[in-house]
Amino acid sequence: MIVVLKAGVEPEKQERLVDWLKESGVDVHVSVGEYQTVLGLVGDTAKIDMDLIESLDIVDSVKRVSETFKQANRKFHPEDTVVTIGDVKIGGGNFALIAGPCSVESEEQIVSIARDVKAAGANMLRGGAFKPRTSPYDFQGLKAEGLELLKIARRETGLPIVSEIMNVGDIGLFEDVDLLQVGARNMQNFDLLRELGHTDKPILLKRGLANTLKELLMSAEYIMASGNDRIILCERGIRTFGDYFRNTLDLSAVPMLHELSHLPVIVDPSHATGIARMVAPMALAATAAGSDGLIIEVHNDPAHALCDGAQSIRPEEYADLVGKIKAVREALV
Ligand code: PEP
Ligand code: MN
Numbered sequence: 000m001i002v003v004l005k006a007g008v009e010p011e012k013q014e015r016l017v018d019w020l021k022e023s024g025v026d027v028h029v030s031v032g033e034y035q036t037v038l039g040l041v042g043d044t045a046k047i048d049m050d051l052i053e054s055l056d057i058v059d060s061v062k063r064v065s066e067t068f069k070q071a072n073r074k075f076h077p078e079d080t081v082v083t084i085g086d087v088k089i090g091g092g093n094f095a096l097i098a099g100p101c102s103v104e105s106e107e108q109i110v111s112i113a114r115d116v117k118a119a120g121a122n123m124l125r126g127g128a129f130k131p132r133t134s135p136y137d138f139q140g141l142k143a144e145g146l147e148l149l150k151i152a153r154r155e156t157g158l159p160i161v162s163e164i165m166n167v168g169d170i171g172l173f174e175d176v177d178l179l180q181v182g183a184r185n186m187q188n189f190d191l192l193r194e195l196g197h198t199d200k201p202i203l204l205k206r207g208l209a210n211t212l213k214e215l216l217m218s219a220e221y222i223m224a225s226g227n228d229r230i231i232l233c234e235r236g237i238r239t240f241g242d243y244f245r246n247t248l249d250l251s252a253v254p255m256l257h258e259l260s261h262l263p264v265i266v267d268p269s270h271a272t273g274i275a276r277m278v279a280p281m282a283l284a285a286t287a288a289g290s291d292g293l294i295i296e297v298h299n300d301p302a303h304a305l306c307d308g309a310q311s312i313r314p315e316e317y318a319d320l321v322g323k324i325k326a327v328r329e330a331l332v
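Residue 11 in numbering that gives the first Met the number 0 is what sits at position 12 of the sequence shown, and the numbering runs on without skipping anything.
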């Protein structure tokens, strides 16, 4: 249930209402916006008398929410959430340019790519250390060593690092990773989501290969229900009957997620298409659709990449693309 207060309500009156609602057995999330304050009632609201609340002089309106996601819901939190990672802000008009290889392969590889993407304008470095591969015979990532190499690249460039966590038991290893990615295959690993909710780490939550937007938001809700609201949603393509692409980029997810939720939304055009030459057009389209950032696979030697070479663009292509992304953003203002 959502209670919208009238503008300029005295703080004591608001406090009295919140205390009274809590005594009725519900949790109350207070969201103070520029123009209005919204109370989000979570829990068993069945016993709450809507008409009674609506009749109070400080209340503007009361609505029952049928959505099952509450903390991620924009109705409870009308302002955009801005996730801060070091000096980088994502959401609320702040754009993330995350770039780097699919997998960390060596110190030389990750440091060189990190320098290149930074020079091109990226503000975060990606690199998989634990890789979810379809075949158990494919390169599985350098694991803990890969995370150490990412930290070296961070020291060399100052870029915050993003890497995928697959297992609850690895959370300790990620203590010094700036942004933890939950990959598409783990979007509904509820134990992992719950445990990540107990950390204070920012989480990049990717949409599952065959998951709906509601399911994505429910997964965000798992993390938030455990106390962590530093979440960035990511559209990375879904399985459809499209036959020429690795996945189908569901760009309409971007404005819809923005409508449904206050969390930042970014797009991954690399995994969405699986084809390097498709990355730039879809990155630009995602920017135009209102994405809060882009995570793009960049490799200095795609032909010899240990993972996802076919969809990796070269640093010079990335630099060219960043210029175009900035132009699209300027055109949107
Ligand atoms: C990745 O980012 O390298 C990755 C495996 O992404 P996804 O989970 O979207 O497939
Ligand atoms: Mn990849």
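The beta-carbon is built from N, C-alpha and C at its ideal position, and this holds for glycine as well.
Taken from the Cβ of P131, at least one heavy atom of the ligand PEP lies inside 8 Å. DSSP, read as helix, strand or coil, puts V181 in strand. If you check the C-beta of A219 against the ligand PEP, you find no heavy atom less than 8 Å away. When DSSP states are grouped into helix, strand and coil, L16 belongs to the helix group.
The beta carbon of K205 sits closer than 8 Å to at least one heavy atom of the ligand PEP.
With a contact defined as Cβ atoms closer than 8 Å, P100 and G126 qualify at about 6 Å.
Taking every protein chain shown into account, the CB of H197 has fewer than 16 other CB atoms within 10 angstroms, so this residue is exposed.
Boundaries of the alpha helix (DSSP H) harbouring D50: M49 to E53, taken from the DSSP string. Within the stretch 53-103, no alpha helix (DSSP H) run of at least 4 residues lies entirely inside it. Three or more Cβ pairs drawn from the stretch 276-294 and the stretch 316-328 lie within less than 8 Å of each other, which places the two stretches in contact. Between the alpha carbons of Y243 and F189 lies a distance of about 32 Å. CA-to-CA, the gap between E33 and I89 works out to about 20 Å. With fewer than 16 other beta carbons inside 10 angstroms of its own, D199 counts as exposed. Pairing A45 with G92, the inter-Cα distance amounts to about 37 Å. Pairwise C-beta distances place the stretch 23-43 in contact with the stretch 64-82, as three or more of them are shorter than 8 Å. If the five residues before and after R229 are omitted, its C-beta is found closer than 6 Å to the C-beta atoms of V82 and P201, all from its own chain and listed in chain order.
D190 sits in a helix when the DSSP states are folded into three classes. If you draw a 10 Å sphere on the C-beta of M0, you find 16 or more other C-beta atoms in it, and that means buried. As for any alpha helix (DSSP H) of minimum length 4 sitting wholly inside the stretch 218-283, the runs are 252-259 and 268-272, ordered along the chain. With 16 or more other Cβ atoms inside 10 Å of its own Cβ, M165 counts as buried.
The ligand PEP approaches Q180 closely enough that one of its heavy atoms is under 8 Å from the residue's Cβ.
Residues of the same chain with a CB within less than 8 Å of the CB of A302, apart from the 5 flanking positions on each side, are G308 in chain order. With a threshold of 8 Å, the Cβ atom of G127 counts as near the ligand MN, since some heavy atom of the ligand is closer than that. For the pair of segments examined, the stretch 103-116 was found not to touch the stretch 245-255: the number of CB pairs separated by less than 8 Å stays below three. From the listed residues L179, G236, L192 and V27, the smallest Cα separation to I274 is found for G236. For D307, no beta strand (DSSP E) run applies, since DSSP gives it neither H nor E. R63 has its CB no nearer than 8 Å to any heavy atom of the ligand PEP.
Relative to the ligand MN, the beta carbon of Q108 is positioned no closer than 8 Å to any heavy atom. Pairing I265 with D291, the inter-Cα distance amounts to about 5 Å.
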